[in-house]
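Reviewing the structure listed below.
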Amino acid sequence: MYVSCPQDYLITWLPLDELAHNSSDHSSTNQSLFFTVYGRDPQFDAVHMTQDTPSGKLPKTIKSVQQDVKRKLEVYINRFKRYGDKSRAGPHVFNPGYMV
């Protein structure tokens with residue numbers, strides 16, 4: 015992809031950039047944002063589309079993907095908390111007579 019110095023053509027590339035971002039795997043969930051929201055990877059041609067896909071299966075798939083993402087994000091949140099708590103100082107102790 016080429017964008018000129020004054021970035022005249024930037025607006026024409028934004029939809030493709032957004033698609034590339036949403037269909038690439040995220041580091042914390044190991045899933046694409048598209049898969050997280052829709053429960054499937056994007057399909058770019060009509061050959062792979064089938065008419066006999068049961069619609070009742072989709073909500074279960076989306077629910078399980080959302081639970082998996084939530085579980086993975088909790089792992090990362092706990093990791094960030096442990097890292098932050100290493101350098102965090104303890105609470106201040108104030109005694110009578112201290113000027114605060």
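The sequence shown begins at 15 in this note's numbering and counts up by one.
Yeah, the Cβ is synthetic: ideal placement off N, Cα and C, and Gly gets one too.
Neighbourhood of residue i by C-beta distance below 8 angstroms, restricted to the same chain and skipping five residues each side
i	result
Val79	Gln45, Phe49, Thr50, Gly53
Val114	Phe108
Which listed residue (the options) has its alpha carbon closest to that of residue i
i	options	result
Gln57	Pro110, Leu33, Tyr112	Leu33
Strand pairing of residue i, partner residues [DSSP]
i	result
Asp39	Ser46
Cβ-Cβ separation, residue j to residue i (assumed contact under 8 angstroms), whole Å
i	j	result
Val83	Thr43	5 angstroms
Cutoff 6 angstroms; reference residue i; Cβ partners in own chain excluding five residues on either side
i	result
Leu47	Asn36
Ile25	none
Thr75	Gly53
beta-carbon residue i near the ligand HEM non-hydrogen atom, thresh 6 angstroms
i	result
Ala34	The ligand HEM is not part of the structure shown, which contains no ligands of any sort.
Residues of its chain near residue i, where Cβ-Cβ distance is below 7 angstroms and the 5 sequence neighbours each way are ignored
i	result
Glu88	none
Below-7 angstroms beta-carbon distance, residue i vs any chain B residue
i	result
Gly98	Of the chains in the structure shown, none is chain B; there is only one protein chain.
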